[in-house]
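A short write-up of the structure that comes next.
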Amino acid sequence: MAKKVVVHHEALSVLSNICSSKQKTQGCLLGYRNSSNYEVVACAKCQDGWNTNDIKQYLPGGIYIIGVFYSNAVATDTSSIVRDLGSFGLEKILVEGEDLVVCPIGIECDTVAEENFYLWTDGQTLTIPTVSISRDCSLDSLLTIRIKCPIPLSFELVTKADIWKANLQKEIHELCNASQSRSVLYHLKDSDILVGSDQLCGLSRDSSCSDLHSHIKTGDGFGEGGRKSKKEQLSTLQFSMYHQINKKSSFHAVPSCCPVIKHSLGNYKSVEMTLPVDAVAVVSRDLPVTDLHTVLSTAVCHQLTAMAACIIKDTVAKSEKFSKPVPYHFQPGGLQAIFSVVYLQNMTEEQLVQRRTEVHRMLGLPENQPLFRRCNAVMFHEDRSSYGYLINPHTGISSQGVKGGTQYLVDGLYSYHHYMQDRFDDNKWGCAYRSLQTLMSWFKLQGYTEKPVASHKEVQQALVDVGDKDPKFVGSRQWIGSMEVSYCLDHLLGVTSKIMFVSTGAELTTKGRELALHFQTQGTPIMIGGGVLAHTILGVDFNDVTGDLKFLILDPHYTGAEDLKVILDKGWCGWKGPDFWDQHAHYNLCMPQRPCAATLFAGLLGLGSSNKD
Amino acid sequence: MGRTVLADETIQDYVEKLIKNGSWNLGLIIGQLTAQKDYAVRLIRTPEPVEDEVSEEEEDSDATKKRKRSDNRPESLCDVSEKWAATHAKQAIRMLPGGIDVIGVFALAPPNMMQASQAKLRQIVFAIHKTLVRGQLVSEEGAITDRILLQICSTTRKYTCRSIDVGDAKSSFRPADWKSHSGGDHWIRLQSDIAVDLRIPVPVRSQNLTFLKQLQSGVTPYCQRLCGGIALFNGKMREPTETLDQSESKGRSKGRDKGQTTQQVQEIEFCMKAKADGITETRVSENVAKMAVRGCIHSRAYVYGKAEVRDGIKALQTDVVRSLMARCELLYEDVIDVVEEESVLKELYNTPVRVFGKLPGTHLDFCDYMFPDEKMEEVTDRIEELLDISITEDKLDLTCERMATEEDMETTEKDDSQVNNQVVRESNLGFNIGTILGGVVAAALAGFSYYILGET
Numbered sequence: 011m012a013k014k015v016v017v018h019h020e021a022l023s024v025l026s027n028i029c030s031s032k033q034k035t036q037g038c039l040l041g042y043r044n045s046s047n048y049e050v051v052a053c054a055k056c057q058d059g060w061n062t063n064d065i066k067q068y069l070p071g072g073i074y075i076i077g078v079f080y081s082n083a084v085a086t087d088t089s090s091i092v093r094d095l096g097s098f099g100l101e102k103i104l105v106e107g108e109d110l111v112v113c114p115i116g117i118e119c120d121t122v123a124e125e126n127f128y129l130w131t132d133g134q135t136l137t138i139p140t141v142s143i144s145r146d147c148s149l150d151s152l153l154t155i156r157i158k159c160p161i162p163l164s165f166e167l168v169t170k171a172d173i174w175k176a177n178l179q180k181e182i183h184e185l186c187n188a189s190q191s192r193s194v195l196y197h198l199k200d201s202d203i204l205v206g207s208d209q210l211c212g213l214s215r216d217s218s219c220s221d222l223h224s225h226i227k228t229g230d231g232f233g234e235g236g237r238k239s240k241k242e243q244l245s246t247l248q249f250s251m252y253h254q255i256n257k258k259s260s261f262h263a264v265p266s267c268c269p270v271i272k273h274s275l276g277n278y279k280s281v282e283m284t285l286p287v288d289a290v291a292v293v294s295r296d297l298p299v300t301d302l303h304t305v306l307s308t309a310v311c312h313q314l315t316a317m318a319a320c321i322i323k324d325t326v327a328k329s330e331k332f333s334k335p336v337p338y339h340f341q342p343g344g345l346q347a348i349f350s351v352v353y354l355q356n357m358t359e360e361q362l363v364q365r366r367t368e369v370h371r372m373l374g375l376p377e378n379q380p381l382f383r384r385c386n387a388v389m390f391h392e393d394r395s396s397y398g399y400l401i402n403p404h405t406g407i408s409s410q411g412v413k414g415g416t417q418y419l420v421d422g423l424y425s426y427h428h429y430m431q432d433r434f435d436d437n438k439w440g441c442a443y444r445s446l447q448t449l450m451s452w453f454k455l456q457g458y459t460e461k462p463v464a465s466h467k468e469v470q471q472a473l474v475d476v477g478d479k480d481p482k483f484v485g486s487r488q489w490i491g492s493m494e495v496s497y498c499l500d501h502l503l504g505v506t507s508k509i510m511f512v513s514t515g516a517e518l519t520t521k522g523r524e525l526a527l528h529f530q531t532q533g534t535p536i537m538i539g540g541g542v543l544a545h546t547i548l549g550v551d552f553n554d555v556t557g558d559l560k561f562l563i564l565d566p567h568y569t570g571a572e573d574l575k576v577i578l579d580k581g582w583c584g585w586k587g588p589d590f591w592d593q594h595a596h597y598n599l600c601m602p603q604r605p606c607a608a609t610l611f612a613g614l615l616g617l618g619s620s621n622k623d
Numbered sequence: 002m003g004r005t006v007l008a009d010e011t012i013q014d015y016v017e018k019l020i021k022n023g024s025w026n027l028g029l030i031i032g033q034l035t036a037q038k039d040y041a042v043r044l045i046r047t048p049e050p051v052e053d054e055v056s057e058e059e060e061d062s063d064a065t066k067k068r069k070r071s072d073n074r075p076e077s078l079c080d081v082s083e084k085w086a087a088t089h090a091k092q093a094i095r096m097l098p099g100g101i102d103v104i105g106v107f108a109l110a111p112p113n114m115m116q117a118s119q120a121k122l123r124q125i126v127f128a129i130h131k132t133l134v135r136g137q138l139v140s141e142e143g144a145i146t147d148r149i150l151l152q153i154c155s156t157t158r159k160y161t162c163r164s165i166d167v168g169d170a171k172s173s174f175r176p177a178d179w180k181s182h183s184g185g186d187h188w189i190r191l192q193s194d195i196a197v198d199l200r201i202p203v204p205v206r207s208q209n210l211t212f213l214k215q216l217q218s219g220v221t222p223y224c225q226r227l228c229g230g231i232a233l234f235n236g237k238m239r240e241p242t243e244t245l246d247q248s249e250s251k252g253r254s255k256g257r258d259k260g261q262t263t264q265q266v267q268e269i270e271f272c273m274k275a276k277a278d279g280i281t282e283t284r285v286s287e288n289v290a291k292m293a294v295r296g297c298i299h300s301r302a303y304v305y306g307k308a309e310v311r312d313g314i315k316a317l318q319t320d321v322v323r324s325l326m327a328r329c330e331l332l333y334e335d336v337i338d339v340v341e342e343e344s345v346l347k348e349l350y351n352t353p354v355r356v357f358g359k360l361p362g363t364h365l366d367f368c369d370y371m372f373p374d375e376k377m378e379e380v381t382d383r384i385e386e387l388l389d390i391s392i393t394e395d396k397l398d399l400t401c402e403r404m405a406t407e408e409d410m411e412t413t414e415k416d417d418s419q420v421n422n423q424v425v426r427e428s429n430l431g432f433n434i435g436t437i438l439g440g441v442v443a444a445a446l447a448g449f450s451y452y453i454l455g456e457t
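First to last, the protein sequences are chains A and B.
Residues 11 to 623 (the numbering used here) are what the first sequence spells out, left to right.
Residues 2 to 457 (the numbering used here) are what the second sequence spells out, left to right.
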C-alpha cells in the first residue's frame with residue numbers, strides 16, 4: 011500500500027518562500043519515514059550533482075532525506091517530471107524499498123501546496139499520493155536520543171601539501187567504521203540495556219523504543235515508565251558508546267598471538283584532541299529496538315564527518331593552532347526537526363557569521379533572526395534540569411485560561427528569576443529587578459546576546475551610567491519601575507521597548523487585543539509595574555467575541571527553592587483574571603521589541619554599546 | 002571485631018616442612034581479603050637474597066650460586082632487608098591471577114628471635130604494601146588495606162595472627178583469628194580473552210623517560226578505561242551486588258559435604274569507552290617515536306564462592322592490569338638485556354606468553370611469563386625460586402596464549418607502516434640509551450632485578 015505524505019506547515023512555508031524567490035533551485039526534502047507515512051519537516055537546498063553529503067552531516071539520526079524538490083516550468087505535467095527525475099541521477103538519494111517524495115516547484119507559482127507532491131517509486135513510476143498538511147508538534151511525540159561519547163582523535167600533522175587533511179579524513183573514516191561495527195554497543199544510561207548491531211542486552215528483540223524508558227533505574231528504584239502518566243515530556247534517552255574488546259568480538263583485526271610491540275623511531279608531529287561527540291537522534295516510539303543500532307551509529311558517523319569537515323574548513327594549518335569541534339543542536343524556526351551544526355571552539359560568533367549564513371540559506375530560513383548561534387541551541391530535558399534556573403515553568407500549567415479564548419504566549423525560552431536567588435536577599439524590594447532578569451534571559455536564550463543576565467548591582471550601575479540615577483544608587487535597595495527596566499534593556503542589550511500606560515488596573519481588561527498582538531509579533535515577555543509590585547506577563551488568553559481576558563503571570567515575589575510543583579500549585583506562575591490587578595493603581599508595561607535589524611548577523615546585541623568595561 | 006583468616010589445610014604441612022629445613026623463615030601469605038572473611042591459600046617463603054654483581058661476573062656454575070646464596074642469608078629474622086621482602090612480593094604478585102593477592106606476611110622463628118624482630122616485621126608489612134601500591138597503574142578505591150601478620154613459633158608451633166591497616170602509617174596490630182579449613186573447592190574462576198590494540202605516541206617531553214615509562218603512558222589510560230567499563234556475563238550486565246554464583250543455592254548441601262563440585266568458570270566480556278573520563282587538551286604534539294601494541298592476552302581471576310558480581314569483575318580487571326604491567330616490566334628488563342648485549346634497538350618486540358600452573362592442593366592457578374628465547378627449565382626454575390613450587394614441564398598449561406610467529410610479526414610491521422611512511426627512520430632514538438644503561442646499573446646495584454633473579 012502506498013504511503014501517505016504528510017507535509018508540515020512550517021516546511022511548506024519554507025518551500026513557498028523558496029518558490030516565491032523565483033530563482034532556479036533544487037534540494038532535498040527532509041523528514042521522518044515510518045510504515046505508513048513520509049513526513050516532510052524541512053528542506054535543504056543542494057548544489058548541482060545532488061551531492062547530499064553536505065546535507066547529511068547536519069542530520070541527526072532518524073531524520074532522512076526522503077525526497078527532492080526542484081524548480082521547473084510547470085509543476086503539474088507528470089511526463090515532464092518523470093523526464094526531469096530521470097535526468098537528475100538520483101541513485102545516490104534513492105533508498106531501497108522506499109519511495110521518494112518529489113516536489114516540483116512551478117516557476118510561475120507563488121506558493122507550494124498539496125498538489126505539488128508526488129511519489130517516485132522504484133526510480134521509475136510517478137504516482138500521486140494522499141497529501142496532508144500538518145501543524146502537529148511531531149518532535150514532542152518522538153523520542154529524543156542523545157549519544158555522548160568523547161572519542162580521542164590523533165592524526166599526523168604534515169602541513170605541506172595538506173597531507174594532514176588526508177590523514178585526518180582517514181582517521182575519521184576509521185572511527186566511523188568502528189562506530190558502525192558490530193563490536194560497538196550503545197549503553198542506555200542508568201540501565202542494563204546495551205544495543206548492538208546483532209546483539210541486544212537486557213531487552214527482548216521484539217521490543218520497541220517506547221519500552222526503553224521503563225528500564226531506566228531512577229534513584230527511588232522505580233523505572234521511569236511507572237510515572238509516565240505524570241510527566242508530560244519524557245526525558246531524553248541518553249546513550250554512550252562502548253567497544254567490546256574481547257578476542258572474538260573486537261573490531262580491529264588484532265593478531266591472535268600475545269602482544270607484539272612495534273616501536274617506530276622518528277620525529278613527527280601529531281594533532282591530539284578529544285572529539286566531544288554528542289549526537290542526537292529522533293525516533294518514533296514504535297521503532298523496533300533492533301533497528302536502533304543503525305540509527306545511533308549513523309548519527310555518530312554523521313557527526314564525526316561533520317567534525318572533520320569543520321576542522322578542515324576552519325583551521326589554518328600553517329599556524330598549527332587546532333581547536334576542538336563542538337556540536338550544537340538546533341530546532342530552528344519552529345521546524346519539527348533538529349539540526350546539528352559543528353563549530354570550532356575557538357571561533358567567535360562574529361567569525362562564524364559566514365558559516366551560519368550558509369546554514370540559513372541551505373535550509374531556506376530567514377536571515378534576520380538568530381537561529382544557529384551557540385546560545386540558540388536546543389535545551390534538552392537534561393540541560394534544563396541542570397541549568398540552575400527554571401526554564402519556561404508555564405509549560406507545566408494544566409489549568410485553563412479563558413473559555414473559548416485563544417492563547418497568545420511568549421515565544422521561545424526564558425528563565426524564571428525571583429526573590430532570594432543567587433544567594434542575594436532582595437526580598438521586598440527586588441521584584442522589578444527580577445522581572446528585568448527574566449526579560450534579559452529571553453534575549454540571551456533566544457541568541458540575541460551572549461551577555462549574562464545582569465545582577466541588581468549591574469542594573470543599578472547601568473541606570474547611573476545612563477544618567478537616570480545618582481552614583482549612590484548603586485548598592486542601594488531602591489525600587490525600580492517599568493521605565494528603568496526599559497532604560498536598562500536599551501543600555502545593556504540595545505533593545506528598545508514600547509511603554510504602555512494604564513491609569514487603573516481595571517483598564518487592563520481593555521488591552522487584550524493589544525497584548526495579544528504583542529505576543530504574536532514580538533513574542534517577548536512583558537514587565538508590568540504598578541503600585542509597589544512588579545510582575546512578568548508571559549501571555550494572554552483572549553476571547554475575541556466576549557472580550558474575556560486572562561493574563562499568564564510569572565511572579566518574581568516567590569522566595570522558595572526552584573520547585574516547579576510548588577510554583578505551579580501555589581500560583582506563582584499561572585493564569586490570573588483581571589481582578590489580579592489593583593483596580594485603582596496605575597500601571598506601566600515595558601514591552602521589549604524583538605530586534606529585527608538586517609545587520610543583526612554582523613554582531614550580537616550589547617557588544618557594540620558604548621560601555622567599554 | 003578482628004579479622005578472621007580461613008587458612009587452607011595444606012598450609013600446615015608447608016609450615017612443618019619449613020620447620021624441618023631451618024631455624025627461621027620469612028615469607029608471604031597468598032590469598033584473598035574480603036569484607037567478611039579472609040582466605041589464605043598458601044604461604045611462600047622468600048628466597049635467599051642474591052648478590053648479582055658477583056654472580057654476574059663469576060662463572061655461572063650451580064655450585065658457586067648455592068654458596069653465594071647461603072652466604073647471603075641473614076643470621077636472623079631481624080637482619081632481613083625489608084626491601085628484599087618487598088621485591089619478592091612484587092615479583093610473586095606478577096605470578097598470581099587476579100583476586101589472589103599478597104595478603105600478608107608470615108614469620109617462623111624461635112621465641113627469642115621473634116621477639117627481637119617485631120619492629121622489623123612491621124616494617125616489612127608496610128614496605129611490601131608501599132612497593133605494590135607504587136606498581137599499580139590504576140588506583141584501587143575502597144580496597145581493603147588490612148594486612149595479615151602470621152607468626153609461628155618454631156619451638157612451640159604456636160600460631161599468632163594479627164592484622165594491621167597499612168593504609169594508616171600510625172596504625173597498630175589488632176588480634177585476628179587464624180582458622181584452618183578445607184575450602185579449596187569454593188573458588189569461582191573468571192576469565193576473558195582480550196584483544197589489545199594500542200597506539201602510543203611518544204612526545205618529545207617523554208624522550209628521556211625509560212622505555213617502560215613510555216609504554217606505560219599508553220597502557221595506563223587503557224587500564225583506566227577497562228576499569229571504568231562494563232563487564233558482560235553471557236552477554237548480559239548483572240546487578241553489581243548480587244551473588245556471583247547463582248547456582249549455589251541448589252546444590253549447597255551436597256557440595257559442602259563431598260567437596261566434589263566441579264569448578265565454576267565464568268567467561269566475561271569487557272566493554273570500554275573510547276576514552277577514559279577526564280579532560281584532555283587539544284594540542285599539536287612533537288613526537289620522537291610511536292609504539293603500537295597489538296595482540297591477545299588471556300586473563301584469569303578467582304573469587305571465593307560467596308563473592309558478589311562486582312568482586313568478580315574487579316578481580317578480573319585487576320588481573321588484566323597486573324598482567325599488562327607485568328608484561329611491560331618484563332619486556333623492559335629484557336630490552337635492557339638486549340641493549341647491553343648488542344647496543345642495538347629492535348623495532349619489533351615479542352612480549353612474553355603467559356603460562357599457567359596449579360597451586361598444589363588447590364584449584365587455583367598461578368602463572369608465569371615466558372619469552373620465546375627462554376627454555377622451559379628457566380620457567381620451572383623461576384617458579385621454584387619465587388613461589389617455592391616444584392613443577393614439571395608437563396604440568397604447565399601453555400595453551401592459553403600463543404607466541405607470536407614470524408608471520409604475526411610481519412603483519413604487525415605492515416599494519417602500522419602504511420600509516421607512517423613519511424617518517425625518517427634514522428633520526429633520534431625514541432628513548433635515551435643512557436637512561437636504560439643507567440637503569441641497568443641501578444638494578445644491578447639494588448641487586449633485585451627480576452631477570453637476574455630468574456637466572457639463578
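C-beta: ideal position from N, C-alpha, C; glycine also.
Computed from a predicted model, the values in this text were never measured in an experiment.
Would you say residue i faces chain B, with C-beta separation under 8 Å as the test?
i, result
"A:V270", "yes"
"A:D288", "no"
"A:K158", "no"
"A:D202", "yes"
Would you list the residues sitting across from residue i in a DSSP beta bridge?
i, result
"B:H299", "B:D194"
"B:I149", "B:G105 and B:S164"
"A:F249", "A:I157 and A:L198"
Can you tell me whether residue i is buried or exposed, with buried defined as 16 or more other CB within 10 angstroms of its CB?
i, result
"B:I280", "exposed"
"A:A171", "exposed"
"A:T308", "buried"
Would you mind giving the Cβ-Cβ distance between residue i and residue j, rounded to the nearest angstrom? I have them listed as a contact below 8 Å.
i, j, result
"A:Y80", "A:P114", "6 Å"
"B:Q265", "B:D246", "6 Å"
"A:C578", "A:I407", "Looking at the sequence itself, residue 578 of chain A is Leu, so the reference to Cys does not match. That pair is a contact at about 6 Å."
Could you tell me the alpha carbon to alpha carbon distance between residue i and residue j, rounded to whole angstroms?
i, j, result
"A:L455", "A:S350", "18 Å"
"B:Y160", "B:L151", "7 Å"
"A:V111", "A:L39", "8 Å"
"B:L349", "A:N356", "41 Å"
"B:C368", "B:D178", "30 Å"
"A:I348", "A:A318", "20 Å"
"B:T352", "A:V270", "6 Å"
"A:C53", "A:L152", "19 Å"
Does residue i get closer than 8 Å to chain A when you measure Cβ to Cβ?
i, result
"B:E141", "no"
"B:C368", "no"
"B:P202", "yes"
"B:S193", "yes"
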